[in-house]
Each structure stands twice: as C-alpha cells, then as structure tokens.
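Read through the structure below, which is laid out as structure tokens, and then see the notes.
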Amino acid sequence: MDTYLRSPHALFALSQNFNIPLFQRRYVWTEEDQWAPLWSDVRRTAEARAGGNADVTHFLGAVVLQDQGAVVGGVPQWSVIDGQQRITSLQLLMDAAAAALEELEQTRLASRLRKLTHNDADEVDGDLLKLRHSNADREAFDEVMEAPAPVDHSRLKSGNTLVAAAHAFFTERIAHWLQEKPDEDQAQWASALADTLASALQLVVIALKPDEDSQEIFETLNARGTPLQAADLIKNLLFQRLVSSVMSPEVAYREYWRLFETPFWEKEVTVGRVRTTRSALFLNQWLVSRVGEDVGPRAFFRRFKHFVDHEFDGDAAEILKLLHGQAITYQRWVERAASQDPSIDRVSLSVYRMDAIGLQIARPMLIWLHQPGFDVPENELSIAIDAVESWLVRRAILRLSASDLGRIVARLINQFRDTTPDGIGTRIRNELARLSTETTYWPDDDEIRDFLATAPVYSHYSAARMRMLLEAVEDDARGFNSGKSKTGVRTSRGIMAIEHVLPRRWQTNWPVATLAEEVERTNHVHRLGNLTLLTHTLNSSVSNAAWGSDSGKRAALRRHDVMLMTRNLTDRATWDEAAIDGRTEEMTAAILATWPIPEEHSGLPEAKKPMSTYVSVKDLVASGRLLPGTVLKARTGGEDAEITDRGDIRYKGRLYDTPSGAGKAALGRTVNGWHFWRLEDGRRLVDVRMDQARADDVRASTRERGLREVTEWLQARGWAVNQEKTGNRLRLVAERDGKQRSLRVSTKSAASWQLSTADGTPAVDSSGYWAFVDLQSAEPTVVVYSEQNIRDLIAVDVAEYLGQHGGKRPVNSNSEHFALHPSRLASINPRLDW
C-alpha cells in the first residue's frame with residue numbers, strides 16, 4: 004500500500020480508467036450537504052488565488068484505489084474502493100467548469116480540464132470517460148459527461164437523477180460566479196478557476212496493489228467507533244499545544260475549558276438540517292469571526308488548526324482564554340434571547356429574531372464586533388446590527404435563498420477586520436447596500452410592500468417567524484421605532500398565540516353570496532392584516548364566532564386588549580376584505596420601520612450592472628471619490644501605495660497609471676489591482692470604482708426613475724426643468740413662455756403610491772402640482788394633478804378612515820403612512836394644460 008498527496012492533475016492526467024464496482028452504493032450526494040459546500044470551498048480557493056495568493060490549496064479528503072493489474076495493449080485500470088462519491092462529484096464539477104469556460108471562448112482552459120475527465124481517443128478503444136460506473140448511475144453519468152456544451156439538462160433522459168442534478172448545480176453556480184465579474188477581468192477569474200480545479204485541490208490517494216486485501220483496509224478506514232465531535236478535536240489540539248505554554252493543562256481545563264462541558268454547551272442544536280452541539284457551532288462561528296472566511300463543517304478542524312499554528316499571534320493558553328471570555332458573552336446573548344422577559348438588550352433581541360427566522364449567519368459578526376480590544380462605539384454597533392438584521396429579515400420575508408449569505412458575512416469581516424472600529428457600522432451598512440445579485444441583495448420597501456399585500460404569510464412562514472414579525476408590529480405600536488415608547492417595555496417574546504381575526508373556518512358565521520366572493524375571502528384569511536397576537540388561544544367556538552354580536556369575535560378580542568395591535572382593530576363595526584387590506588398596509592409600514600434600509604436604497608437585483616463607461620483611477624480622483632494622498636494597502640505582501648493628485652499610483656517612488664501595474668510591482672506577478680488594493684477603511688478599489696460606475700449608470704432607483712420620467716415628459720412639451728430641494732423634499736421646477744410651475748413627484752413600482760397623511764394638511768401655498776408615475780405598466784405613465792386636489796383627497800380619506808376606527812390607526816396611532824391606490828386617484832380629474 005502506498006499513500007500520496009495528489010492534485011486532480013496528478014491523479015487524472017494520464018490516460019487510464021477508474022472503475023466503480025457494481026457493489027458500491029449509488030451516488031447520494033446532495034446540494035445542501037455536499038455540492039454547495041464543495042463549490043463554496045472551490046470558489047474561496049479560486050478567489051484567493053486570483054487575488055494573488057497562489058499558494059492556497061484545499062484538501063478534499065481521501066480516495067482508496069486498487070490496481071487491477073496490467074492490461075495488455077490497454078490503459079491502466081483502477082478500482083475505486085472508497086471515495087466514489089467524492090471522485091464522481093469532482094469529475095462532474097470539472098466537466099461543468101469546462102463547459103462554462105467554452106461558453107466564454109476560453110478554449111485552452113476548457114481543454115485543460117477536459118483532459119482530466121476524458122481520455123485521448125487515440126489511446127483507448129470505445130469509452131472515453133476516465134471514471135466509469137458499473138452500477139445504476141452509469142447511464143446518467145455517461146449521458147451528462149458526453150453531452151455537448153452547453154448542456155440542456157432539462158432534455159436529458161436522466162435529468163431527474165442526482166448525477167444530472169449535480170452537474171446542473173455546478174454549471175449554474177460557475178456561470179453565475181463568472182458573470183458577476185467585470186468583462187475585462189473574466190479571463191483572469193476563468194484562469195484561476197481552471198488552475199484551482201487542476202492544481203489547488205488535494206486528495207490523499209491510498210493505492211493498493213492487486214494482491215492486497217481491500218476489504219480489510221476499507222473496514223479500518225471506516226471504523227465502527229463513535230467519531231469525535233468537533234469540540235473534542237479542538238480540545239485535543241489546544242491541549243497538545245499547551246506543552247510549550249507556562250499554563251498547565253489542569254489549570255487550563257479548570258479555568259477555561261470546563262465551561263464547554265456544561266449542559267448549555269453540550270446541548271444539540273439544529274442548523275439548517277444539520278444537528279451539532281452548541282459548543283461545536285460556537286467554535287465554528289468564532290473561527291469565522293477571526294479569519295473572515297466561510298468555513299464549512301468539513302474544513303473546520305483543518306482550518307482551525309492552520310489558524311492556531313500559522314495565524315494566531317499567541318499560544319494555546321491565550322486562545323483558550325479568548326474562547327472562554329467570548330463564550331460567556333455568547334451564552335448570555337442566547338439565554339436572554341430565549342427568556343420571555345420583555346426587557347432585553349439590542350444584541351440579544353437580534354439573536355432572538357435571527358433564531359426565529361432560522362439563521363445563525365449573523366453570529367460570527369456579533370462575535371467579531373465584541374472581540375476584546377475592538378471597542379466599537381455603541382452607535383456604530385447599533386448601526387451594524389440594525390443593517391445586518393434588516394438585510395436578513397427582509398430576505399426571509401420574501402423567502403429568498405440564504406445559501407450565499409454566510410459568505411457575505413465572512414467577507415465583510417475579512418474586509419474590515421484591519422480597520423478602526425470608528426465608523427464600522429456605517430461601512431457595513433454601505434457594503435450591504437451595494438449587493439446586487441439575486442442571491443445576496445438587500446430588498447427595498449417597494450418589494451416588501453408588493454409581496455406582503457397579497458401573500459398568505461401564515462401558511463408561508465413557521466410559527467416562530469410569523470410570531471416574531473407580529474411582535475415587531477406590536478413593538479412599533481408601543482412606540483419603539485419612533486423613540487416615543489408608550490409602555491416602556493416590549494411585548495413578551497415567543498409565547499403569544501397567533502389568532503386569525505377572520506377565522507380559518509369562516510363559512511358558517513361569515514358567509515358570502517357568490518363563488519367569487521368566497522374565493523376572495525379565502526385568499527384573505529392568511530394575510531398579514533388578518534393576524535394578531537393574544538395572550539392565550541381562544542376556544543374554537545369563540546374564535547369562529549361572528550364579528551359583531553355581544554358574544555362574538557370582536558367582544559372576545561376586546562377581552563384580550565393588552566396588545567395595542569388587537570385593541571385598535573376592535574373599534575371597527577365590520578371586519579371584511581377591505582379592512583384586512585388596510586390593516587396589512589399599516590402593519591407592513593410597521594415592519595418597514597422596524598427593519599429600515601438606507602435612504603434612497605433600491606434593492607431590486609440586476610443580473611449584472613455594466614459600467615456605462617470605463618472608470619479609471621484618474622476618473623475617481625477627478626470626481627472626488629478618491630483624494631490625493633489616499634493610502635492604498637496591499638491585500639497580500641508589499642508596501643503601502645499612494646494616490647497622487649494626477650490620478651497615478653505611487654509605489655516605492657515609481658508612478659503607475661493602473662492599479663494592476665502597481666499591483667504587479669508589489670507582488671511580482673500579474674494581479675487584478677482593482678481587487679488587490681484596499682483603502683484604509685477596508686473598501687477595495689473595485690468597490691470605489693463600482694460606486695462611481697453606478698452613479699454614472701443609466702439605471703436608477705425607483706425615485707430617480709420617476710424624476711427622470713417626469714423630466715422627460717415635461718421636456719417633450721417644451722418645458723425647461725430644474726430640481727429644487729428644500730430640506731428632504733425635492734421638487735421639479737418647470738419653466739416655459741415666462742410661466743413657472745412647481746411639481747412634487749411620487750413613483751410606484753408596486754400596488755400603490757406611498758404618501759404621508761401630512762400631505763393632506765392645509766398648506767400656505769398649494770398652487771403646485773403632483774406628478775404620479777406608474778412604473779408597473781409596460782410603458783411608464785405620468786399623470787399630473789393639482790396639489791390642492793391631492794391634499795383634499797388625502798384629508799377626506801384620512802378623516803373617513805379614522806371615523807371608522809374610533810379616531811385611531813388600527814396598528815399604530817402615530818403612523819403617518821398613507822397608501823394612494825390608482826382607483827382612488829382616478830376619482831379626481833388630472834390637469835391637462837401642459
């Protein structure tokens with residue numbers, strides 16, 4: 004038996020066959036447990052190598068091969084004894100990458116990978132594939148590996164197999180990853196990917212001779228003993244390293260490690276579909292907070308060991324002390340989050356909310372922001388927590404994928420870990436606002452409003468997630484978002500009953516006349532505006548009772564009026580679909596106030612945001628985005644550089660007109676300088692360039708698009724248009740033939756225009772106009788109304804609304820939100836004299 008450390012190139016380069024015996028189990032790897040972590044590891048390695056760290060490798064695990072003996076006139080034959088899942092996935096990944104590279108016309112790189120999956124036709128007879136399945140996977144594997152690129156997986160006979168699904172998964176992820184990159188950088192990233200797959204991955208290859216007992220070795224490698232938990236592995240590692248420390252193992256255990264063997268830390272918890280101990284979860288999250296990498300379970304111990312041996316500036320005793328100190332803080336957060344005490348600190352509240360939506364992604368950032376010596380100002384800590392929580396909750400509301408979010412959190416830690424804590428929350432918020440791909444973007448208000456307007460949220464969300472959102476609405480009604488708390492305490496968490504106002508079994512006591520009305524009523528049952536919180540569950544006869552009688556539903560709710568959100572709705576004489584829609588809008592406004600976004604943020608994803616023109620360093624200096632004297636720090640190696648007043652980069656006394664030129668001088672080889680150089684605040688040069696490009700791009704936010712549409716509409720009618728800003732209010736001033744008109748602009752991309760009740764109060768001057776822009780139609784429309792008419796409409800609607808609710812808003816009496824529906828706007832005449 005011989006053992007080697009091999010790259011895929013070293014293992015697969017020669018013409019040969021690797022045969023998976025008939026008795027081996029079928030391919031069982033899946034996206035969540037294996038494909039996504041494998042791609043994440045490959046992507047991370049490729050990005051590190053593209054960034055200039057050419058020595059980065061990633062260990063994939065072991066395979067056991069047995070020589071099948073000499074084959075006269077043929078190529079070497081190997082039997083795959085163990086590791087068939089791993090070797091199959093690697094072959095599918097390399098073939099998918101080759102297809103993606105061919106699509107980019109990177110034929111040389113594609114050919115390099117093809118040689119690792121397919122034998123030379125001149126050297127073999129028949130089957131060209133290097134990996135050959137003998138079991139039920141053979142047809143699917145052969146079909147997908149031999150299909151011409153680009154592979155249409157939907158047309159494959161074996162399209163519903165795990166083998167085809169794995170190939171499709173890798174194809175989609177690779178294409179998406181490459182398309183994210185600027186066009187001028189794609190060749191470099193493609194090369195980094197091919198290089199990673201061929202040379203940067205490592206496998207332990209155990210090669211058996213033909214006469215060795217493969218079964219005995221297989222059983223030894225897969226011993227029946229209980230495997231060590233991650234916490235046990237870390238404990239063994241650290242206590243072995245204590246040999247060179249002045250602290251004895253006995254003291255270290257008593258002072259620092261014994262904590263991790265208490266019931267709190269040994270408790271099993273679920274993350275996604277994986278169960279692990281809380282101590283193992285914390286150790287993984289702590290490591291992410293230190294290295295700024297998304298470390299999966301498979302790579303955890305190896306990465307922790309590398310951190311201890313090569314990256315941490317201290318001994319094992321210091322690591323144990325750090326772990327112990329931050330574990331105590333972590334335990335306090337978790338225990339407070341699980342308590343029902345309404346009094347709770349901001350961090351523990353965020354931990355509770357993240358647990359409610361089923362995400363642990365933010366915890367490495369919380370650990371990082373609270374690490375000893377990194378004293379983040381309280382206001383910046385709040386900004387960071389608010390931003391990350393808003394980003395994650397809004398995506399959870401829309402039920403968007405969370406698979407790529409851990410990578411973003413790790414990237415933010417990596418990007419800012421060497422910066423000062425001053426301003427850290429603002430920098431994190433700004434970076435989150437820049438995200439623009441479908442798997443990572445921060446949703447804006449319009450998208451949340453549009454979704455919640457009709458979504459059957461009760462059936463969409465888990466009970467914990469639904470209750471947490473309703474608790475946030477109640478806290479808003481209590482004044483926690485306005486800073487004017489009415490009660491001084493938040494609502495109790497995790498214990499309130501969720502009640503449908505219009506009952507789920509409405510047919511007996513809430514009848515309607517027609518089938519259309521029946522469908523409409525059923526569609527409203529699970530919507531946000533029909534849900535409320537009660538201190539305990541109503542019995543079924545009361546819950547299903549009619550609304551208005553003395554023993555009916557409204558009377559029962561009044562007996563549970565400790566919740567402001569419930570108390571306000573019981574003033575209504577009737578409860579129907581219109582009432583539910585109105586309350587949905589109110590509650591949505593409360594949710595948006597609880598998890599706000601930066602001003603003017605537009606979160607709708609764009610597949611790729613191209614630059615309208617190429618942006619150079621000189622352009623950035625000319626625009627003021629980079630100031631002369633700005634210090635640039637090398638990502639790996641090299642001294643600091645400096646921006647000159649002419650837009651050049653000075654490095655070691657020499658001037659370079661491009662970041663890549665300066666980067667090559669610093670690193671000694673070709674590198675993408677836009678990604679290589681960072682500002683002292685942690686931003687990369689490419690981030691500054693993209694900010695400039697987006698500012699120049701013709702794409703704009705909803706508000707900006709509306710302003711542009713109205714401006715063009717006026718200019719087409721001969722008006723000269725300027726913008727005028729008073730405080731936070733922006734108007735358009737139009738002039739023509741000595742006449743001047745002032746217009747306010749409201750734009751909608753969802754169901755209604757979002758205004759304020761203050762827009763219906765009397766004004767000293769109401770001689771202006773309102774322009775309403777509708778971006779939902781195929782062609783944007785602009786309609787202009789007298790400002791006085793709009794004020795009158797809002798005033799009438801608000802008065803009528805309050806009259807129906809006993810003078811109160813149903814959810815929050817302080818709310819000034821006003822949704823103007825197109826049908827209501829159509830009831831008044833527009834101004835046509837333009």
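Under the working numbering, residues 4 to 837 are what the sequence shown spells out, in order.
Even for Gly, the Cβ is constructed at its ideal location relative to N, Cα and C.
Model, not experiment: these values are computed from the prediction.
Exercise for review: Given a cut-off of 9 Å, decide if Arg410 and Ser43 are closer than it, judged by their beta-carbon atoms.
Suggested key: Yes. Within cutoff.
Exercise for review: Assess, as a yes-or-no matter, whether the stretch 123-130 is touched by the stretch 95-109 under the definition of 3 or more beta carbon pairs within less than 8 Å.
Suggested key: Segments in contact, no.
Point to revise | Start-to-end residues for the alpha helix (DSSP H) that takes in Tyr256 | key: Following the DSSP letters along the chain, one finds Tyr256 in no alpha helix (DSSP H), marked with neither H nor E.
Check your understanding: Can you tell me the Cα-Cα spacing of Pro613 and Pro662, whole angstroms?
Key -> Because the pLDDT of Pro613 is 37, which lies under 50, any placement of that residue in the model is unreliable, and the question is left without a value.
**Study point:** Proximity to Val412 [Cα-Cα], best of Arg653, Val298, Asn239
**Key:** Closest option to Val412, Cα to Cα, is Val298.
**Study point:** Tyr30, DSSP secondary structure in three states
**Key:** Three-state result, Tyr30: coil.
Check your understanding: DSSP on Arg301, reduced to helix/strand/coil?
Key -> Judged by DSSP in its simplified three-state form, Arg301 adopts coil rather than helix or strand.
Check your understanding: So, Thr265 versus Glu271, is the Cβ gap smaller than 9 Å?
Key -> At a Cβ-Cβ threshold of 9 Å, Thr265 and Glu271 do not count as neighbours.
Practice item. Using 10 angstroms around the beta-carbon of Ala113, count the other beta-carbons present and answer buried if the total reaches 16, otherwise exposed. Key: By the 16-neighbour rule on beta-carbons within 10 angstroms, Ala113 is buried.
Point to revise | Where Thr538 sits in the DSSP three-state scheme | key: Shown here, Thr538 sits in coil according to DSSP, grouped into three states, outside any helix or strand.
Review point. Using the C-alpha atoms, what's the distance from Ala100 back to Lys160?
Key: Taking the CA atoms as reference points, Lys160 sits about 22 Å from Ala100.
Check your understanding: Between which two residues does the beta strand (DSSP E) harbouring Tyr444 extend?
Key -> Boundaries for Tyr444: no beta strand (DSSP E) harbours it, and the DSSP string shows neither H nor E there.
Review point. If you compare alpha carbons, which of Glu603, Arg9, His313, Pro153 is closest to Arg437?
Key: Residue nearest to Arg437 within the set Glu603, Arg9, His313, Pro153 is Glu603 (criterion: CA-CA distance).
Check your understanding: Where does Tyr7 land, buried or exposed, given buried means 16+ other C-beta within 10 angstroms?
Key -> By the neighbour-count criterion, in which a residue is buried when 16 or more other Cβ atoms sit within 10 angstroms of its Cβ, Tyr7 is exposed.
Point to revise | Between the CA atoms of Leu181 and Gln189 - distance to the nearest angstrom | key: If you take the alpha carbons of Gln189 and Leu181, they lie about 6 Å apart.
**Study point:** Gly709 and Val624 closer than 9 Å at C-beta
**Key:** Taking 9 Å as the Cβ cut-off, Gly709 and Val624 do not qualify as a contacting pair.
Point to revise | Best match in Thr540, Arg117, Arg47 for proximity to Thr199 [C-alpha to C-alpha] | key: Minimum Cα distance to Thr199 is reached at Arg47.
Review point. Just to confirm, are Glu712 and Pro599 a CB contact at a threshold of 9 Å?
Key: No, they are not a contact pair.
Review point. Can you give the Cα-Cα distance for Glu588 and Glu521, rounded to whole angstroms?
Key: Per the coordinates, the alpha-carbon of Glu588 lies some 22 Å from the alpha-carbon of Glu521.
Check your understanding: Whose C-beta lies closer than 6 Å to the C-beta of Gly428 among residues of the same chain, with five residues either side of it excluded?
Key -> Here the set comprises Glu383, Ile386, Ala387.
Practice item. Going by CA-CA distance only, name the one from Ser745, Met148, Leu372 that's closest to Asp98. Key: It is Met148.
Review point. Which partner residues does Leu68 have in the DSSP bridge list?
Key: According to DSSP, Leu68 bridges with Val83, Ala210.
Point to revise | DSSP three-state assignment for Phe15, whether helix, strand or coil | key: Correct three-state label for Phe15: helix.
Check your understanding: Among Leu132, Pro213, Leu240, Pro252, which has the Cα closest to the Cα of Lys308?
Key -> Answer by Cα proximity: Leu240.
Review point. To which residues of the same chain is Leu828 closer than 7 Å at the C-beta, ignoring the five residues directly before and after it?
Key: By the criterion of a C-beta distance shorter than 7 Å, Leu828 is surrounded in its chain by Phe775, once the five residues flanking it on both sides are discounted.
Review point. Should Gly228 go down as buried or exposed, given a rule of 16 or more other Cβ atoms within 10 Å for buried?
Key: Caution applies to Gly228, whose pLDDT of 37 falls short of 50 and renders its modelled position unreliable; the value that the coordinates give is listed next. Flag for Gly228 reads exposed.
Review point. In terms of residues, what are the limits of the beta strand (DSSP E) holding Tyr659?
Key: Per DSSP, Tyr659 belongs to the beta strand (DSSP E) from 657-659.
Practice item. Please name the residue, chosen from Val277, Arg257, Ala234, that lies closest to Leu290 on a Cα-to-Cα basis. Key: Distance from the Cα of Leu290 is smallest, within the candidate group Val277, Arg257, Ala234, for Ala234.
**Study point:** For Leu286: DSSP bridge partner residues
**Key:** Bridge partners of Leu286: none, in fact.
Check your understanding: Within 10 angstroms of its Cβ, does Arg144 collect 16 or more other Cβ (buried), or is it exposed?
Key -> Note on identity: in this sequence residue 144 is Phe, with Arg being the wrong assignment. Classified as buried, Phe144 has 16 or more neighbouring CB atoms from the shown chains inside 10 Å of its CB.
Exercise for review: Work out the CA separation of Trp192 and Pro185 for me, nearest whole Å.
Suggested key: Here the C-alpha atom of Pro185 lies approximately 10 Å from the C-alpha atom of Trp192.
Check your understanding: What runs of the beta strand (DSSP E), each 3 residues or longer, lie entirely inside the stretch 488-556?
Key -> Taking 3 residues as the minimum length, the beta strand (DSSP E) runs contained wholly in the stretch 488-556 are 500-503, 534-537, in order along the chain.
**Study point:** Cβ-based burial, Asp140 [other Cβ within 10 Å; buried from 16]
**Key:** So Asp140 counts as buried.
Review point. Anyone know if the C-beta pair for Ala593 and Asn526 falls short of 9 Å?
Key: In terms of Cβ geometry, Ala593 and Asn526 do not form a close pair [threshold 9 Å].
Review point. Are the beta-carbon atoms belonging to Leu206 and Ala302 less than 9 Å from one another?
Key: No, the Cβ-Cβ distance between Leu206 and Ala302 is not below 9 Å.
Check your understanding: Which term fits Gly763, buried or exposed, when burial requires 16 or more other beta carbons within 10 angstroms of its beta carbon?
Key -> Flag for Gly763 reads buried.
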